[in-house]
Structure formats: structure tokens, C-alpha cells
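A.B. asks: In UniProt numbering, the protein residues as written are 1 to 82.
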């Protein structure tokens with residue numbers, strides 16, 4: 001499933017540069033993750049890099065955008081082909 005950033009975000013700027021899919025951008029108040037681009041780093045890394053660098057652990061799985069590992073892999077492949 002895609003990830004989301006909770007309102008505990010402190011806008012530290014750590015996560016956008018870590019996202020290989022450029023899925024993280026500044027929102028109106030906090031950073032936001034574009035669920036159409038988020039693959040949880042499938043195809044790039046073994047774990048989501050944004051979660052690894054977040055100092056306040058405000059990045060969580062988004063139940064509104066549930067995806068299987070196979071779906072995340074397919075999304076990765078689609079993004080790479082674009």
C-alpha cells in the first residue's frame with residue numbers, strides 16, 4: 001500500500017530527497033505523498049527510505065490505498081517505463 005505522512009510531520013525536509021519515485025512534495029501545511037507514485041521503494045530498496053530517515057516517525061502505511069507487493073512492483077515498472 002502507499003504511504004502517507006501524518007500531521008505529526010515537522011517539515012524537516014529529510015524525506016523528499018530520499019524518495020526514488022519523487023512521490024513526496026510540500027503540501028499546504030506538511031509534506032504529502034502522491035499515492036500514484038509511491039511504491040514503498042519496491043524496485044529500489046528493501047525498505048521505504050522516507051520511513052528510514054523520518055526523525056519523528058510520521059510516515060505510515062495508508063489503508064486508503066492498499067496494494068499488494070505485486071501491485072507495487074507493477075507500479076514501479078510503469079513508472080520506470082514513463
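Ideal placement from N, C-alpha and C gives every residue a C-beta, glycine not left out.
Small disclaimer: the values here were computed from a predicted structure and weren't measured.
Rounded to whole angstroms, what's the CA-CA distance from residue 65 to residue 23? Just pull it up for me.
C.D. replies: 14 Å
A.B. asks: If you follow the beta strand (DSSP E) that residue 36 is part of, which residue opens it and which one closes it?
C.D. replies: Premise fails: residue 36 is in no beta strand (DSSP E) and is neither H nor E.
A.B. asks: Mind checking residue 42: buried by the 16 CB within 10 Å criterion, or exposed?
C.D. replies: buried
A.B. asks: Roughly how many angstroms lie between the CA atoms of residue 57 and residue 51, to the nearest whole one?
C.D. replies: 7 Å
A.B. asks: Since residue 26 is in the beta strand (DSSP E), which residue starts that stretch and which ends it?
C.D. replies: 24-26
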